[in-house]
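**Student:** Dropping a structure here in structure tokens format, bear with me for questions.
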Amino acid sequence: METLNRAIKAFRLGIEGEASEALTQLIDQLAPITSKLPTEITPKLNLLLDEILNAFSRKDYLWAADLLEYELNEYIIE
Amino acid sequence: MAEILKSDLLQLQFEMSDTIDPTLIINGIHLSSGYNQSSEAELQTERIPEFSTEVWVYGLATGALPYALLQRVNIKKIHVVILNPAVALLSLTHFDHSDWLNDSRVELRVGREENGKLHSPLTVCPAELQLADDDSARLRDKIFLELVSPYMNKRHSEDNSDIVEQIARNTQYVAKDGDVKALFNTKVGGSIIIAAAGPSLDKSLPKMVVEREKYFIIAVNSALKPLLAASIIPDLVIVIDDDPKIVSSFQALNTEQLKSLPLVYFPRVPSEILSLWSGPRFTAYSQYRSYDSIRKQYPKTNLFASGSVLHTATDLAVKMGAKQIIFVGADLAFSNGQIYAKGTGWGDDEIGATQHWVLDGYGNRIPTRASFRGYLRDLEDYIEQAPAEVEFINSSKEGANIAGTMLWKH
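Structure representation (structure tokens):
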């Protein structure tokens, strides 16, 4: 959660390097979690992660922050 | 406001998001949060100290940020700087801005009239940095630098163990090598070429060969091999980075040929470079705290550093007394789809996909890295503050346009 919040904050404040670093760490941290998820969830989560990475690569940082805060967060809480 | 109203919206592709707090998506970039704009704005106000009375907001987005700041009782003035009038017009025609725009404490400004000057305390609607127009490019890059600097500076802190260890490995050299100060005022009134390894170096090599005797040449480490390949032996080499990749520039050199060639270095460079160097070595430090310990142990002189060896080479040239400094290969962008000149030994495979751009000498957008943009703006600031009698010249229009330089006449 700490890494997720760090990524969200960095994206919303426009701190590119920190956002990139936090997002990379977050994806690394998610890997062991996603393997334990119910099989019906995994494709949805992968799609969401793809959308986050696409937003990041086109520099749509506030959308990346939204997806992290309001969509990915739901999976993590569940 | 008149400037905003006459904007051409045809340059932008836009749509409204179908999210719970709708926002504009302009050229694929969400202008603000699509879920909770006021919460996002509250977060962005954190950059502004509570006691501030006069503040700068760069980009207005959907207006949530200036509105949030106006709720603070201390605020007496908010300067809202528009980075793209067309984006502002879109926002003004799709959202109700009357809750902040009619407040007498608000002043609207246009980025193009700011002359790249940044004010603080500031906060930013970050999407607008991606949507800034050409006239606000310099200002945009300075905002970007301001935002990322605290994070980047952590790399140079006293606590960065990688750097501390690297400096420790080089202490044996620092102890016996000269102080860069010994080179100051040794070229008073002279013309100094700073050769960097951008792609435009290739086109300047023939002129440098023909006019070799007219100039003192400082080579940044990555330009050394291309210069030697063109039979140009520089007068001095400078290296400041800790990246192990740069060692390759110093391998397989003819040590006999270079034994009188001075090397200026920061103590964080890979030790192999110092052991390979056959000529005299001069240590310099930067202003960063990572050098505080060795600076105390072996006091030597600082040179300016801000991420690129180009900055340090420029400061050295000024302190050597140059009246004319000519940048060669200082492209700070991917001119003609390349990062480096031929013969550096480094490929262009690092370019990858980039969304960043700067204007070249012709006024066209050319791709670059975010870091290069930052180096460019810090170089421009250095030039602006340099002694007025020093003339700065750029050898090419194919790289990034460097404000404060004239074009080298071929």
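Protein chains in written order, with the numbering used here: chain A, 1 to 78; chain B, 1001 to 1410. Beta carbons are placed, not taken as given, at the ideal position from N, Cα and C, and that holds for glycine. Note that this is a predicted model, so its numbers are computed, not measured.
(1) Just to make sure I have the definition right: I need the residues of chain B whose C-beta is within less than 9 Å of the C-beta of residue 62 of chain A. Which are they?
(2) Name the chain B residues whose beta carbon is nearer than 8 Å to that of residue 66 of chain A?
(3) My output table needs one value for residue 1324 of chain B: the three-state DSSP class, helix, strand or coil.
(4) In chain order, what are the residue ranges of uninterrupted beta strand (DSSP E) at least 3 long that sit wholly in the region 1103-1165 of chain B?
(5) Starting from residue 1281 of chain B, follow the beta strand (DSSP E) in both directions and report where the run begins and ends.
(6) Run through DSSP, which three-state label would residue 1016 of chain B get?
(7) Report yes or no: do three or more beta-carbon pairs, one from the region 1268-1279 of chain B and one from the region 1165-1185 of chain B, lie closer than 8 Å?
(8) Please name the residue or residues paired with residue 1168 of chain B in a DSSP beta bridge.
(9) Name, in chain order, the residues that DSSP records as bridge partners for residue 1191 of chain B.
(10) Residues of chain A with CB closer than 8 Å to the CB of residue 1320 of chain B, please, in chain order.
(11) Rounded to the nearest angstrom, what separates residue 1259 of chain B and residue 1222 of chain B at their Cα positions?
(12) Go ahead and label residue 1119 of chain B buried or exposed: buried means 16 or more other beta carbons lie within 10 angstroms of its beta carbon, across all protein chains shown.
(13) Going by Cα to Cα distance, which pick from A:4, A:5 and A:19 is closest to residue 11 of chain A?
(14) Counting only Cβ-Cβ distances shorter than 9 Å, please list the residues of the region 1042-1061 of chain B near chain A, keeping chain order.
(15) Taking Cβ to Cβ, would you say residue 1019 of chain B is nearer than 8 Å to residue 1034 of chain B?
(16) So with Cβ pairs under 8 Å, would you call residue 1152 of chain B a contact of chain A?
(17) Counting C-beta neighbours from all protein chains within 10 Å, is the total for residue 1337 of chain B 16 or more, i.e. buried, or is it exposed?
(18) Measure the CB-CB distance between residue 4 of chain A and residue 26 of chain A and report whether it falls below 8 Å.
(19) Does residue 1132 of chain B come within less than 8 Å of chain A when only Cβ atoms are used?
(20) Exposed or buried, which one is residue 1202 of chain B when buried takes at least 16 other CB atoms within 10 Å?
(21) Is it true that the CB of residue 1005 of chain B sits closer than 8 Å to the CB of residue 1086 of chain B?
**Tutor:** Judging by the given coordinates:
(1) 1023, 1029, 1030, 1031, 1032, 1033, 1034, 1040, 1061, 1125, 1126 and 1127
(2) Near residue 66 of chain A (Cβ distances below 8 Å), the residues of chain B are 1019, 1030, 1033, 1034 and 1035.
(3) strand
(4) 1106-1110 and 1122-1124
(5) Element bounds for residue 1281 of chain B: 1281-1283.
(6) strand
(7) Taking 8 Å as the limit for Cβ pairs, the verdict is that the region 1165-1185 of chain B does touch the region 1268-1279 of chain B.
(8) Per DSSP, none; premise fails for residue 1168 of chain B.
(9) B:1324
(10) Below the 8 Å Cβ cutoff, chain A contributes no neighbours of residue 1320 of chain B, its closest Cβ being approximately 33 Å away.
(11) 19 Å
(12) exposed
(13) For residue 11 of chain A, the nearest C-alpha among the options comes from A:19.
(14) 1043, 1044, 1046, 1047 and 1061
(15) yes
(16) At a cut-off of 8 Å, the C-beta of residue 1152 of chain B has a neighbouring C-beta in chain A.
(17) exposed
(18) yes
(19) Cβ-Cβ to chain A under 8 Å: no for residue 1132 of chain B.
(20) buried
(21) no
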